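Data block below; observations after.
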Amino acid sequence: MSQATTDLANPVPAKTPSRAAIPHPFKVSSVEKINAPDGGREQDWYRYILDSGRSTITGQRRGSRKDVLAYATQCTEQLNARGLTGQSIWSPRGKKPAAAAT
1 MSQATTDLAN
11 PVPAKTPSRA
21 AIPHPFKVSS
31 VEKINAPDGG
41 REQDWYRYIL
51 DSGRSTITGQ
61 RRGSRKDVLA
71 YATQCTEQLN
81 ARGLTGQSIW
91 SPRGKKPAAA
101 AT
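Below, the structure written as structure tokens:
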């Protein structure tokens, strides 16, 4: 005869996170040297690709490969922080004051 055990400390079954709740952090997928954009004369342009598995962001930046990689890494950190907190680092934090009625 088998007995079913019940966890008295946690009687409600644990919820599994929904697919939308699972974070997909961005990471630097690649940094590759490219020709200067139209009208650009400067050397050392790179294309960086940030990938999260669900979204891809492609950008271009001038500088050394090391500098562009550092910039792309900083972008991923900011994007991932935004995804965890649900707030943009670029948006204002407070509410706008109500317009005065005249």
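For the sequence shown, the positions run 1 to 102 when this note's numbering is used. Just so it is clear, CB atoms sit at the ideal spot from N, CA and C, and this is done for glycine as well. Computed from a prediction, not measured in an experiment: that's the story for all the values here.
Would you identify the three-state DSSP class for residue i, choosing helix, strand or coil?
i     : result
Arg65 : helix
Glu42 : coil
Arg54 : coil
Asp7  : The predicted position of Asp7 is uncertain, since its pLDDT is 47 and thus under 50; a value taken from the coordinates is nonetheless stated next. Here Asp7 sits in coil by DSSP.
Ala98 : coil
Ala72 : helix
Which term fits residue i, buried or exposed, when burial requires 16 or more other beta carbons within 10 angstroms of its beta carbon?
i     : result
Asp7  : Unreliable positioning characterises Asp7 in this predicted model, as indicated by a pLDDT of 47, which lies under 50. The coordinate reading is nonetheless provided below. Under this definition Asp7 is an exposed residue.
Thr76 : buried
Contact check, residue i vs residue j under 8 Å by CB: the rounded distance?
i     : j     : result
Lys66 : Tyr46 : Actually they are not in contact, since the Cβ atoms of Lys66 and Tyr46 sit about 10 Å apart, beyond 8 Å.
Would you list the residues sitting across from residue i in a DSSP beta bridge?
i     : result
Gln48 : According to the sequence shown, residue 48 is Tyr rather than Gln. Answer is Val31, Gly59, bridged to Tyr48.
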